[in-house]
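Residue 12 is where the sequence shown starts when you use the working numbering, and the numbers rise one by one after that.
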Amino acid sequence: MPATDWLNHDLWRSHLSWLTPPWVGSTTEGRKEFDAKRWIEQIQSAHYQTLIFYIKHHDGFTTYPSRYAKIQPERDFFGECVAEVRKRGMRIVAYYSSVLDQVTGKEHPDWRVRNREGEPAGGWYDPYWPGCYCCINNPGYRGFMLGQLTELRDNYNPDGFWLDVYSSHNYENCFCEFCRDKYRQETGKDLLETKGEAWYDACFSDLMAEIQRLIKQKNPDCVLGQNTGIRIPSVEEHVDFLTHEAVDSPTISLMCRGMRSLGKPYESTYRLYSAVGSWSMKGPNRILLEAGATLAHGGACCLELPPLHTGRIMDEPVERLKELGQYVRAIEPYVIGTRGVYDAAVFDPQTHFGWNNRTNPGWHSVLMERDIPFNIVYPDADISEYQLIIIDERITVDEPLAVKLREYVRAGGSLIVEADAARFGTPAGDILSEVLGVADRGKTGQPAQY
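What follows is the structure, encoded as structure tokens:
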């Protein structure tokens, strides 16, 4: 079995989200209850073999001594966990917040993303924690990020890297001097005169290809993953696995169907507690629902466990995880290597996944309530195996897709198209009128919702 095949066979993973309040920072005193040996013993007792460890979250504080960071921890928390994991033959993956970095953005304001007016853009949680997005085309920040990934690779040789916030999902685009210069050199145009999203997506894709080469240079079996809160399809070509944050329990099955259709191993990352920063555990049935939906659609369950900021993992959540882990491990042999069988498919425009239910929730409700097995697919998918195709209004049906849909209907398939997707009354013409057997009679003036 290939060394990286654990992505398809280890479907129960621990996401250890050790967040750092500003008053704690990287100090040892603030994390005095940390005990790597006890941590790994607790995690292993909950049937885990893979640990995803925060080495730098959005706050910017590292859990290892980085020569690229001004604020240093007095103890190598990550290194101690790596040593304990290796003793037990387990795996450890380094979680890295790639673009959102509060500490670094404040230390280097010139590295921050800029809006069209040249002001810093893309903050989160303002005013309590404004968040700092740094630009991947800024040579200072780019060198900083690649430098940290390199030292992690060389000093710890983790089994993988888990990159978070790898997109421009909280700002329009970056219009800093480096982005404008790069765009002008490549296109001969001024970035301010265009939205430039496709170009900026390509920048993220090029950097991910560089990161892929960097981490596999020393260990070809080291895996690279990305959180797909906002999808950049070209970026996914350079990663080994995908993940999404499953915040809304009822729509986890929706997200998992869409993730499975992307064709790469994926994990559904969800929380043992009700929200980030909450200490109210979800009920056992709710977590079983989330795990079952993930496993049913070919994903790995990646459950987020937050230690206290002092470094202690409480016993109560570990006991809950033992029960869940036993459940997942019992089902695991029956779902590995399976494929979904669906009667219907809903087209998704290949953009948003993750924190909110971006795919039409109405169709999800209709199909679930009527017990119709359905998948979430993309315009380039093979649709011949489905009895029914649903095109929601966010899809732009161009002529190549229209040809595909006409052939599908001629072969006996059924089609439901929301009016905006059919492009009735547009300059492009009513390109699906013939196959649908209808003509444009204008809008009703009332939104259709289910």
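Just so you know, even glycine gets a beta-carbon here, dropped at the ideal spot from N, CA and C.
Keep in mind the model is a prediction, meaning the values are calculated, not measured.
Checklist entry - So, do the segment 20-29 and the segment 305-316 have three or more beta carbon pairs nearer to each other than 8 Å? => result yes
Checklist entry - What span of residues does the beta strand (DSSP E) with Q237 cover, start to end? => result V234 to N238
Next on the checklist: Would you call the segment 152-164 in contact with the segment 73-82, where contact means no fewer than 3 C-beta pairs closer than 8 Å?
Outcome noted: Yes, the segment 152-164 touches the segment 73-82.
Checklist entry - Contact check, N168 vs N230 under 8 Å by CB: the rounded distance? => result 6 Å
Item to check | Own chain, CB closer than 8 Å to L157, minus 5 neighbours either side, in chain order | outcome: E221, I222 and L225
Item to check | Y144 - partner residues in DSSP beta bridges | outcome: L111
Checklist entry - Do three or more CB pairs link the segment 52-68 to the segment 106-121 at distances below 8 Å? => result yes
Checklist entry - Do the CB positions of G151 and W122 come within less than 8 Å of each other? => result yes
Next on the checklist: Could you check whether the segment 406-413 touches the segment 370-383, counting it as contact only if at least three pairs of C-beta atoms, one from each stretch, sit closer than 8 Å?
Outcome noted: Touching, no.
Next on the checklist: Please tell me whether L443 and L416 are closer than 8 Å, where the distance is taken between their beta carbons.
Outcome noted: Result yes, Cβ atoms of L443 and L416 sit closer than 8 Å.
Next on the checklist: Using DSSP's beta-bridge definition, name the partner residues of N399.
Outcome noted: According to the sequence as given, residue 399 is Leu; it is not Asn. For L399, which the question treats as bridged, DSSP gives the partners A355 and S425.
Checklist entry - Is the segment 89-102 touching the segment 53-60 in the sense that three or more CB pairs, one from each, lie closer than 8 Å? => result Yes, since at least three Cβ pairs between the segment 53-60 and the segment 89-102 fall closer than 8 Å, the two stretches touch.
Next on the checklist: With three or more C-beta pairs closer than 8 Å as the rule, is the segment 316-336 touching the segment 38-47?
Outcome noted: yes
Checklist entry - For the beta strand (DSSP E) that T466 lies in, which residues bound it at each end? => result The chain is shown only over 12 to 461; residue 466 falls outside these bounds and no answer can be derived.
Checklist entry - In the segment 225-274, which residue ranges form an unbroken beta strand (DSSP E) of at least 3 residues, counting only runs that do not cross its ends? => result Qualifying beta strand (DSSP E) stretches, in chain order: 234-238 and 252-256.
Item to check | At least 3 beta-carbon pairs within less than 8 Å: the segment 416-425 vs the segment 385-397 | outcome: yes
Checklist entry - Does the Cβ of V250 have 16 or more other Cβ atoms within 10 Å, making it buried, or fewer, making it exposed? => result buried
Checklist entry - Taking contact to mean at least 3 C-beta pairs separated by less than 8 Å, is the segment 199-216 in contact with the segment 261-273? => result Contact fails: fewer than three Cβ-Cβ distances are below 8 Å.
Item to check | Where L22 sits in the DSSP three-state scheme | outcome: coil
Item to check | Through-space distance from E278 to C267, alpha-carbon basis | outcome: 9 Å
Checklist entry - Which residues in the same chain as A94 place their Cβ atom closer than 8 Å to its Cβ, once the five residues preceding and following it in sequence are excluded? => result A47
Next on the checklist: Could you pull the DSSP bridge partners for P3 from this structure?
Outcome noted: This structure does not reach residue 3, given that the chain is present from 12 up to 461, and the question cannot be answered.
Next on the checklist: I need the DSSP call for W17, collapsed to helix, strand or coil.
Outcome noted: helix
Next on the checklist: Using a 10 Å radius around the Cβ and a threshold of 16 neighbouring Cβ atoms, would you call Y345 buried or exposed?
Outcome noted: By the neighbour-count rule (16 or more Cβ atoms within 10 Å), Y345 is not buried but exposed.
Item to check | Nearest neighbour of D359, chosen from E197, F385 and H308 [CA to CA] | outcome: F385
Item to check | Limits of the unbroken beta strand (DSSP E) element including K67 | outcome: T61 to K67
Item to check | Reduced DSSP category for M292 - H, G, I as helix; E, B as strand; rest coil | outcome: strand
Item to check | CB of A432 within 8 Å of CB of I402, strictly | outcome: Yes, Cβ-Cβ distance for A432 and I402 is below 8 Å.
Item to check | K81 classed as buried or exposed, judged by whether at least 16 other C-beta atoms fall within 10 angstroms | outcome: exposed
Item to check | Other residues of its chain near G448: CB distance less than 8 Å, five sequence neighbours each side excluded | outcome: none
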